[in-house]
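Engineer: Have a look at this one.
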């Protein structure tokens with residue numbers, strides 16, 4: 134008996150054990166045996182993982198809670214977004230960006246690239262499917278991935294030997310509570326809900342945080358004649374996009390092959406000071 138048939142036999146016996154309430158509950162849901170890994174998330178990481186597995190002849194199944202690939206890029210990003218790093222540092226495995234794409238592709242160009250990537254490797258994510266629970270069964274040596282699908286929240290349990298979570302570190306928005314926020318009468322937005330500065334034209338806007346999103350949202354607000362104020366909790370060092378004729382990120386990656394992070398940081402700050410002056 135091969136390994137897959139053994140696993141199916143063990144699973145079949147466990148599911149039909151009516152003395153085990155937990156397994157009896159699972160048997161009420163539709164069960165699907167997956168011959169390869171289950172990948173949670175159809176963003177760039179999930180797609181890249183599935184493509185690499187496909188290239189090695191390993192089947193996989195991608196589960197995605199939204200109705201599209203790269204849902205964060207498609208649904209929760211502002212209109213002016215571009216890649217913040219040169220395209221060669223952002224391309225997925227086995228397929229570079231088209232040569233006619235600019236160094237910093239736009240949001241739509243990146244999404245087009247991901248669609249092409251998905252089609253090229255024949256990836257077929259299961260959309261509108263939310264993973265609500267995942268447990269490893271040591272007896273059958275299988276993961277039980279419980280999902281709810283569609284408006285009816287139909288339950289399905291996927292059984293697999295390997296589980297890969299590719300949901301990303303920014304999948305959920307985080308809005309910290311600030312004293313007095315409850316009494317503020319103006320609109321409060323998380324950057325994932327921001328699209329364009331048109332809504333804030335000629336208004337005073339407070340932007341909290343100076344990461345990539347905070348900086349770009351502030352610039353976009355200025356382009357719409359809003360008056361943004363940027364609040365940060367620590368010293369901010371502004372680096373130019375390029376140094377010595379190459380991208381600052383690419384230069385730092387090259388230097389890190391030979392020098393510790395501390396020295397590379399000091400070098401970049403020195404170069405920034407020479408080029409831009411004191412930005413602290």
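In the working numbering, the protein residues as written are 134 to 413. Don't be surprised by glycine CBs; every beta carbon is placed ideally from N, CA and C.
(1) Tell me whether residue 349 sits in a helix, a strand or coil according to DSSP, three-state version.
(2) I'd like the list of long-range same chain contacts for residue 343, defined as Cβ closer than 7 Å, with 5 residues on each side in sequence excluded.
(3) Can you say whether residue 352 is buried or exposed, counting buried as having 16 or more other CB atoms within 10 angstroms of its CB?
(4) Quick check on the burial criterion: 16 or more other C-beta atoms within 10 angstroms. Buried or exposed for residue 304?
(5) Quick check: what's the CA-CA separation for residue 372 versus residue 180?
(6) Can you have a look at residue 377 and say buried or exposed, based on whether 16 or more other CB atoms are within 10 angstroms of its CB?
(7) Taking 8 Å as the limit between beta carbons, can you name the residues of its chain near residue 374, skipping five residues before and five after?
(8) Give the straight-line distance between the Cα atoms of residue 231 and residue 162, rounded to the nearest whole angstrom.
(9) Can you check which of these residues, 316, 406 and 256, is closest to residue 172 by C-alpha distance?
(10) Give every residue of the same chain whose Cβ lies closer than 6 Å to the Cβ of residue 291, excluding the five residues on either side of it in the sequence, and list them in chain order.
(11) Do the CB positions of residue 202 and residue 258 come within less than 8 Å of each other?
(12) Rounding to the nearest angstrom, what Cα-Cα distance links residue 392 and residue 405 in this structure?
(13) Does the structure place the region 205–216 close enough to the region 236–252 that three or more beta carbon pairs sit under 8 Å?
(14) In or out: residue 176 buried (at least 16 other Cβ within 10 Å) or exposed?
(15) With the cut-off set at 8 Å, would you say residue 219 and residue 383 are in Cβ contact?
Structural biologist: On the basis of the supplied data:
(1) Note: residue 349 maps to helix in three-state DSSP.
(2) A distance below 7 Å between beta-carbons, with the five flanking residues on each side excluded, links residue 343 to the following residues of its chain, in chain order: 363, 365 and 369.
(3) Exposed.
(4) Burial call: exposed.
(5) Per the coordinates, the alpha-carbon of residue 372 lies some 32 Å from the alpha-carbon of residue 180.
(6) That one is exposed.
(7) Result list for residue 374: 380 and 381, in chain order.
(8) Using only the alpha carbons, I get a separation of about 44 Å.
(9) Closest in C-alpha terms to residue 172, from the list 316, 406 and 256, comes 256.
(10) Hits under 6 Å: 165, 167, 171 and 278.
(11) A contact, by the Cβ cut-off of 8 Å.
(12) Their Cα atoms are separated by approximately 18 Å.
(13) Yes, the region 236–252 touches the region 205–216.
(14) With at least 16 other beta carbons inside 10 angstroms of its own, residue 176 counts as buried.
(15) Going by C-beta atoms, residue 219 is nearer than 8 Å to residue 383.
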